[in-house]
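Residue numbers (this note's numbering): 16 to 113.
What follows is the structure in structure tokens.
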């Protein structure tokens, strides 16, 4: 989990760029910014978006999406940044013995 001083915007931009590069869909002319459209500009599939959310949930230790705001409503990178700046639910990372 990251501390409060981490820059949410930089982390999200880095992870979006990383996924684009891994999927070989990154065009040298495309620069990922907070205004980048995930689907139309960066060619993100729903699977890639789900992967991004899973990675960010793990990095931030929070789960900002709920039945009120679903990650399928995310259109641009700034939507993701906003979601993680104001997280809704903290992920319980402690293991219980069963």
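Using N, Cα and C, we set each Cβ at its ideal position, and we do this for glycine too. Every value quoted in this text rests on a predicted model; they were computed, and no experiment measured them.
When DSSP labels each residue in this structure, what does residue i get in the three-state scheme?
i: residue 91; result: strand
i: residue 72; result: helix
i: residue 57; result: coil
i: residue 36; result: helix
i: residue 27; result: helix
i: residue 84; result: coil
i: residue 46; result: coil
Which whole-angstrom value is the C-beta distance of residue i and residue j, which I expect to be below 8 Å?
i: residue 45; j: residue 38; result: Actually they do not touch by this definition, with Cβ atoms about 13 Å apart.
i: residue 86; j: residue 68; result: 5 Å
i: residue 89; j: residue 64; result: 7 Å
Name the DSSP beta bridge partners of residue i, please?
i: residue 52; result: 91
Less than 8 Å between C-beta atoms, sequence neighbours within five positions excluded: which residues of the same chain meet that for residue i?
i: residue 50; result: 91, 92 and 93
i: residue 24; result: 49 and 96
i: residue 100; result: 23
Cutting at 7 Å between CB atoms, please list the residues of its own chain near residue i, excluding the five before and the five after it.
i: residue 52; result: 90 and 91
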